Amino acid sequence: MEFEFWWLLAFPLFFALGWLAARIDIKHLISESRTLPESYFKGLNFLLNEQPDRAIEALSEVVRGDEPETVELHFALGGLFRRRGEVDRAIRTHQSLLERPDLDKEQKLTALFELAQDYHKAGLLDRAEELFGDLLDTAYSRSALEFLLEIYMQEKDWHQAIQTAQRLGRESSLPYHRQMAHFYCELAVGAMVRCDPDAARGHLEKALEVNRGCVRANILLGDIEAAEKHYSGAAKAWRRIETQDPRYLHLVGERLLTGYRESGRPQEGLELLRGYLARYPSLDLLNVVFQATLETEGTDAAYRLVRDELRRNPTLQGLDRLLEAQMLDTPVERRHDMQLIKNLVHQHTRRLALYRCDNCGFDARQFHWHCPACGGWETFQPRRREETEMAQMSHD
Ligand SMILES: [Zn+2]
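Following the working numbering, the numbering of the sequence shown begins with 1 at its first residue and continues without gaps.
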């Protein structure tokens, strides 16, 4: 098809039309807004051009006066300061707003809520807590509760955190039971550190009361029993995880083995874990069973275990284990080559062997109940990345 050159003429025409339209708009805008000072437009212009420093300068000039129409501008400016991390200026802006006599009730509440957030961001938790407390039973009640919950978690004040989560659950009809169970677990950990097992047990029973599926509570209950050398009680608590969520069983694999060994029944412990591994394939469980098999039954048995497991569940990390088992049986002169291969595989599996937070994507070598990056509770996948990704792939 031939290119039609007359189209080229059309472009300048479009530009001219666009320019004209823009000018008309601006003229119209300026004639409409004679009442607003010039610096306001300057400020807006800088904002639109992403020059927040100059925008703040221009807008500050406008709000120097106390005219009623500058209230909204004060709010905008205060928010801007806080977002940019200039909390001192944000606090001053919102404090001066609160001192104005012409604020209506709603504006006053908004200014309080903003100031509370400034304090929170500045790390002045006591003052923030007080102001958020004043905002309960107002229109800002729910947001204030959410901030308060965050503050109590920062302060590790778990009693207050539990009460706040309870109230949030009532007011928002969102489920907070999972978090609450972890707050009880935190209380239990504190009691265990103080060597007060009875108090710890009480907290853990509460944890299971608010969330029957709280795996961590059963892990800790078992730990308390094991610390008192009540190994059968410990094993009983840990085994309950199978009915809660078997994907977490690997967290107690090592503990179960030790418990059975300490009570003189090592073979029974190993059989139990082998049963788990058969029913719920898991790399972490495989690792535990592999080590135990190696120690009690020798290299051949350990090698057969990983080989069968790899056939059933082909993963890179499984291959890594298989190579390790093979190396144990390799004559010394050929071990060097095996080591090379193993290192290569191991480099690949390192990334896959991490646990990932579902909420923020943070990767960690260790499993965490409380994400160190985003502060989410129970947001980590119970399995390592390779297994999680494979499970997702087989679902797609
Ligand atoms: Zn996270």
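Just so it is clear, CB atoms sit at the ideal spot from N, CA and C, and this is done for glycine as well.
Keep in mind that this is a model prediction, so the values were computed, not measured.
Based on the DSSP output, what are the partners of residue i in its beta bridges?
i	result
residue 265	Answer is none; residue 265 lacks a bridge partner.
residue 356	363
residue 370	377
Tell me, to the nearest whole angstrom, how far the beta carbon of residue i is from that of residue j; I am working on the premise that it is less than 8 Å.
i	j	result
residue 131	residue 146	Contact flag wrong, Cβ pair sits at about 14 Å.
residue 257	residue 292	6 Å
residue 317	residue 349	5 Å
residue 159	residue 370	Residue 159 to residue 370, Cβ: 17 Å. No contact.
residue 93	residue 109	Contact doesn't hold; Cβ gap of about 16 Å is too wide.
residue 286	residue 309	5 Å
residue 327	residue 335	6 Å
residue 140	residue 113	5 Å
residue 118	residue 82	6 Å
residue 201	residue 218	At roughly 12 Å, the Cβ-Cβ gap does not stay under 8 Å, so residue 201 and residue 218 are not in contact.
residue 264	residue 235	About 13 Å separates the two Cβ atoms, so there is no contact after all.
residue 302	residue 290	6 Å
residue 111	residue 97	5 Å
Of all the CB atoms in chain B, is at least one closer than 7 Å to the CB of residue i?
i	result
residue 137	Checking the listed chains, one finds no chain B in this structure; it contains a single protein chain.
Check each residue's C-beta against every heavy atom of ligand 2 and list, in chain order, those closer than 6 Å. Ligands in the displayed structure: ligand 1; ligand 2 is not one of them.
Can we say the segment 210-220 touches the segment 172-190, given the rule of at least three CB pairs closer than 8 Å? yes
Specify whether the segment 212-228 and the segment 236-246 touch according to this definition: at least 3 beta carbon pairs, one from each stretch, less than 8 Å apart. Between the segment 212-228 and the segment 236-246 there are three or more C-beta pairs closer than 8 Å, enough to call the two in contact.
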